[in-house]
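Counting along the sequence shown from 1, when you hit position 62 you're at 478 in the working numbering, and nothing is skipped either side. Beta carbons are placed, not taken as given, at the ideal position from N, Cα and C, and that holds for glycine. Computed from a predicted structure; not experimentally measured.
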Amino acid sequence: MDIFLESLQYTIPSVVVLATSYLLIRQFFDKELRQQKHELLLNNQKLITPIRLQAYERMVLLLERISPENLLTRIYVPGMTVNDIKNEAIRNIKSEFDHNLSQQVYISGKSWELIKMAKENMIKLLNIAGNKFDAKTPANEYNKLVLQMYFNVENPPLSVALEHLKNEFSETFTN
Numbered sequence: 417m418d419i420f421l422e423s424l425q426y427t428i429p430s431v432v433v434l435a436t437s438y439l440l441i442r443q444f445f446d447k448e449l450r451q452q453k454h455e456l457l458l459n460n461q462k463l464i465t466p467i468r469l470q471a472y473e474r475m476v477l478l479l480e481r482i483s484p485e486n487l488l489t490r491i492y493v494p495g496m497t498v499n500d501i502k503n504e505a506i507r508n509i510k511s512e513f514d515h516n517l518s519q520q521v522y523i524s525g526k527s528w529e530l531i532k533m534a535k536e537n538m539i540k541l542l543n544i545a546g547n548k549f550d551a552k553t554p555a556n557e558y559n560k561l562v563l564q565m566y567f568n569v570e571n572p573p574l575s576v577a578l579e580h581l582k583n584e585f586s587e588t589f590t591n
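Here's what the structure looks like:
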């Protein structure tokens, strides 16, 4: 029995020291892992923030470029017919949109949906205005009608999307 008690005298302190060492080492490694994750997150944010800023800029630029007052004046060439300018405007909108598809990764889902809706509504407006004229009518008559129709809409989807983008940007980057 004395041998058993004597072995316990040495074993118990050894087990306590081992358990304490294990807990301290585990705590140290957990802290290091948390610190590394935090540093990685900070580094990722340093990389992603400029890309997100650029995405917001590009989406604002897209909305501005497909607005009728900018789009129609940019693509208008004297001598164009209604059919010519309508088709060129729709092609231009689709091209601008396709060029910026990847930016959806960096903005919210709601912003992206509003931008898609603005694009689709702009195409719809161009088609509706185009149906009111003979295909060979001079384009300047079509341009006037498109602008008139656009400015008569109470909350144009382009303006709604642009305002939402600006608000989202402010909430994300200025706080």
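Given a cut-off of 8 Å on the beta-carbon distance, is the pair residue i and residue j in contact?
i: TYR522; j: ILE482; result: no
i: ALA534; j: LEU479; result: yes
i: LEU561; j: LYS548; result: yes
i: GLU584; j: SER527; result: yes
i: LEU530; j: VAL576; result: yes
i: LEU517; j: ALA505; result: no
i: ILE491; j: ASN503; result: no
i: PRO573; j: ASN537; result: yes
If you draw a straight line from the C-alpha of residue i to the C-alpha of residue j, how long is it?
i: LEU463; j: LEU541; result: 39 Å
i: GLU455; j: MET475; result: 30 Å
i: ALA471; j: LYS453; result: 26 Å
i: VAL499; j: PRO484; result: Residue identity check: residue 499 is Asn in the sequence provided, not Val. Approximately 16 Å, taken between the alpha carbons.
i: ILE539; j: LEU458; result: 42 Å
i: TYR558; j: ASP514; result: 25 Å
i: LEU434; j: SER586; result: 54 Å
i: LEU424; j: GLU448; result: 36 Å
i: GLY525; j: GLN443; result: 40 Å
i: ASN460; j: THR588; result: 16 Å
i: ASP446; j: VAL432; result: 21 Å
Considering only DSSP beta bridges, list what residue i is partnered with.
i: PRO494; result: Note: PRO494 sits in no beta bridge, so no partner.
Among the options, whose alpha-carbon lies nearest the alpha-carbon of residue i?
i: ASN486; options: TYR426, GLU422, ASN571, LEU563; result: LEU563
i: ALA545; options: SER423, TYR566, LYS510; result: TYR566
For the ligand MN, is there a heavy atom less than 7 Å away from the beta-carbon of residue i?
i: TYR472; result: Inclusion of the ligand MN in the displayed structure is not the case, the ligand content being empty and no account of it being possible.
Start-end ranges of the alpha helix (DSSP H) lying completely within the region 564-591, minimum 4 residues = Segments of the alpha helix (DSSP H) lying fully in the region 564-591: 573-589.
In chain order, which alpha helix (DSSP H) runs of at least 4 residues are fully inside the region 453-512?
-> Qualifying alpha helix (DSSP H) stretches, in chain order: 484-491.
May I have a chain-ordered list of the alpha helix (DSSP H) segments no shorter than 4 residues that lie completely inside the region 528-561?
-> Runs of the alpha helix (DSSP H) inside the region 528-561: none found.
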